[in-house]
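Going by my numbering, the sequence shown opens with residue 37, and the numbers climb by one from there. Glycine residues also receive a C-beta, built at the ideal position from the N, C-alpha and C atoms. As the structure is a computational prediction, the values presented were derived from the model and not from experiment.
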Amino acid sequence: MTNEAQSRFRPAAPAREDRLRPIWRLFFGEMSRNALVGWPKFAFERDYWFRRVITLRTHLISDPEAIGRVLLDNAANYPKPPLVKRMLRNLTGEGLLTSDGEPWREQRRLMAPVFTPGAVAHFMPLFVEAAKATADRWTPGRIDVAAETTRTTAQVISRALFSDEPSLTSAQASEHMHAALAAVGEYRLGVLIGMPWLDRSPIARRGEIGRKFILARLTEFVARRQADPDPPLDFMTRLLQAFGEGRSPAAAAKLALDNAVTFYIAGHETTANALAWSLYLMSQDQAVQDRAAAEARAAFAAGGGPEEVVARLPYLRMVLEEAMRLYPPVVRIDRVALAEDELCGHRIRKGDMVSIRPWVLHRHTRLWEEPDLFNPENFSPQAKAGRNRFQYLPFGAGPRVCIGAQFAQAEAALILSCWLARFQFAPVLDHEVFPTADVAIRPRGGLPLMVSLRETDLIAAA
37 MTNEAQSRFR
47 PAAPAREDRL
57 RPIWRLFFGE
67 MSRNALVGWP
77 KFAFERDYWF
87 RRVITLRTHL
97 ISDPEAIGRV
107 LLDNAANYPK
117 PPLVKRMLRN
127 LTGEGLLTSD
137 GEPWREQRRL
147 MAPVFTPGAV
157 AHFMPLFVEA
167 AKATADRWTP
177 GRIDVAAETT
187 RTTAQVISRA
197 LFSDEPSLTS
207 AQASEHMHAA
217 LAAVGEYRLG
227 VLIGMPWLDR
237 SPIARRGEIG
247 RKFILARLTE
257 FVARRQADPD
267 PPLDFMTRLL
277 QAFGEGRSPA
287 AAAKLALDNA
297 VTFYIAGHET
307 TANALAWSLY
317 LMSQDQAVQD
327 RAAAEARAAF
337 AAGGGPEEVV
347 ARLPYLRMVL
357 EEAMRLYPPV
367 VRIDRVALAE
377 DELCGHRIRK
387 GDMVSIRPWV
397 LHRHTRLWEE
407 PDLFNPENFS
417 PQAKAGRNRF
427 QYLPFGAGPR
437 VCIGAQFAQA
447 EAALILSCWL
457 ARFQFAPVLD
467 HEVFPTADVA
477 IRPRGGLPLM
487 VSLRETDLIA
497 AA
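In structure tokens:
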């Protein structure tokens, strides 16, 4: 390790095991609740390893060439597994996350105009307004940035998707959403074998309550929106218009609702976590934070609208990309083989599961230099130019790459730039940061940081 590497920050992560834990541990204890716990050291060193989960043959791959074959070159042979669909469908219905084949292609085509660069630019002022509203509440002292980032991104997605529908923007709605997500991400035996009624864990019970709450509020909201003769032009209206062509109002409402749940979760959760982890990492490396803050202040001082500002933030984007490398938005990417294939020199049988874990891939010793250290230079133009595109998967890859990736990246960059231009962030000494993952990686027990004002405020009057 070089002297420069020795000075870099090593972010919080669960300890790695010397050997593979017994399979039953997946269903009991912390491994069933936290997808980051229990990984053996060899997983971060090998391109391939095999594990049988009850009757399910699972191939775990970290080789970029093999990943490219699964997600792009031979993607038609690798749809999402029925197990994954079962886990998600109870919450997200038949939307983009769970559909395949022609239904998926049609939904993707109809929704593509909602996420064009021009459409994303239309919402950029919302990102800045939400960031400023949060910053205006802050006073110097201790702040839980995990809670604050969630609140801020909830405001953004509620305005973009629902035009500030109060029943979906309350703290109660946020709590129910987190409960539903935790239940989806818990590794439960009943779900695995297709008998979810066997699951009676507290997480499963709270998740079911949360799921019913969110779906009931969304169903009521969609019905009101369909009856509105002059609806606002937000995501929900655009979804209803897109799905209304050639469908009954009930069918259009169902598809719009299913996809609204997906966007609500993604917009409310993944961007919030990327922001929180970025602030945590920069709080531990003041040189990186100061450079990003100076860039943000210069970007705002140069004038122009949000589109111009976000284009002036190359280093801040490097920080965000590094945060998503260390704490990826996607916890797992699973596919099932429809026909026999070969990956990493190993036979893949029909019906076998192929699993890609960004947590492992992004910290793999063969793919990254000092992979467990915080280093935004991993995403300099020079570093990215020599990298296989399938070794970094914050939003997936191939035909099923996240449709909202541009929205999320612009949102995160603008919100973070607003805060860095105005505040300085430092760690607290009495809180241990620890990541936990169900369907997203979030800090367990929140993420308190010390916040102080910078010398001059360029954002308050912007």
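Straight-line gap, residue i to residue j (C-alpha atoms, nearest Å)
i	j	result
R385	R69	29 Å
L403	F431	18 Å
E406	Y363	15 Å
E66	L92	22 Å
Q442	V346	12 Å
A288	W140	15 Å
E138	D264	31 Å
L133	E491	45 Å
R368	P394	6 Å
R247	I193	18 Å
E357	R478	16 Å
I301	I179	24 Å
P435	R242	34 Å
A112	D136	10 Å
E101	F470	32 Å
H158	E53	47 Å
P196	D270	The amino acid occupying residue 196 in the given sequence is Ala; Pro does not appear at that position. Roughly 6 Å separates the two Cα atoms.
L72	A51	9 Å
R237	G339	The displayed chain sequence assigns Ser, not Arg, to residue 237. Approximately 53 Å between the Cα atoms of the pair.
T94	R125	22 Å
V181	A218	20 Å
G177	W455	15 Å
S210	Q445	22 Å
G154	M160	10 Å
R283	R348	44 Å
L311	I439	19 Å
L225	I90	Residue placement at L225 is poorly supported in this model, since its pLDDT is 47, which falls under 50; the coordinates are not used for a value here.
P202	N110	44 Å
D200	A49	36 Å
V156	E468	37 Å
Test item: CB-CB of residue i and residue j under 8 Å
i	j	result
A449	R353	yes
T307	T189	yes
A332	S453	yes
D309	R361	One detail in the question is off: residue 309 reads as Asn in this sequence, not Asp. Their beta carbons are not under 8 Å apart, which means N309 does not touch R361 by this criterion.
A167	G482	no
V324	A292	no
A476	P342	no
E344	F163	no
D388	A373	yes
L127	A216	yes
Q143	A169	no
A419	F426	no
Neighbourhood of residue i by C-beta distance below 8 Å, restricted to the same chain and skipping five residues each side
i	result
R44	D321, E406, L409, F410, N411
I97	D83, Y84, I103, V106, L379, C380, V390, S391, I392
F459	A171, W174, V487, S488, L489, R490
R261	P267, M272, T273, L276
D370	K116, P117, L119, V120, M389, V390, S391, I392
E130	P139, K290, L291, D294
V396	W75, A79, F80, L96, S98
H382	Y84, F86, H95
Neighbourhood of residue i by C-beta, 7 Å cutoff - its chain only, sequence neighbours within 5 removed
i	result
R55	P76
V355	S314, M318, V324, A328, P412
S416	M354
F198	L204, F257, D270, M272
Residue-level contact to chain C via CB, residue i, 8 Å cutoff
i	result
A302	Although the question refers to chain C, the structure presented lacks it and comprises just one protein chain.
Best match in the options for proximity to residue i [C-alpha to C-alpha]
i	options	result
P350	A334, G339, G340, P365	A334
R399	Y428, R383, D377, V73	Y428
T472	R383, W313, A457	W313
R57	G129, S237, F78	F78
P47	A359, P417, P484	A359
L485	T185, L119, R195, V73	T185
R457	A330, P202, P176, R348	The sequence shown places Ala at residue 457, not Arg. Comparing Cα positions, the closest option is A330.
V80	Q191, V156, D99	According to the sequence shown, residue 80 is Phe rather than Val. The candidate whose alpha carbon is nearest that of F80 is D99.
E165	H304, I451, D474, R480	I451
D474	V89, Q208, M213, D200	M213
Y114	D377, C438, N424	D377
G303	Q208, R187, Q42, E468	R187
F249	P285, A286, Q208	Q208
M123	D109, E244, A49, A286	E244
Close Cβ partners of residue i (< 6 Å) along its chain, the five nearest in sequence each way excluded
i	result
V87	Correcting the residue identity first, residue 87 is Arg in this sequence and not Val. Closer than 6 Å at Cβ, skipping near neighbours: T94.
A240	A219
N424	P100
* **Cβ contact (3+ pairs, closer than 8 Å) linking the stretch 452–472 and the stretch 308–326** => Because the criterion of three Cβ pairs below 8 Å is met, the stretch 452–472 and the stretch 308–326 touch.
* Stretch pair the stretch 276–294 + the stretch 142–159: three plus CB contacts closer than 8 Å -> Contact holds: three or more Cβ-Cβ distances are below 8 Å.
* Answer yes if the stretch 248–256 comes into contact with the stretch 290–297, meaning at least three C-beta pairs across the two stretches below 8 Å, and no otherwise. => Flag = yes, the stretch 290–297 and the stretch 248–256 touch.
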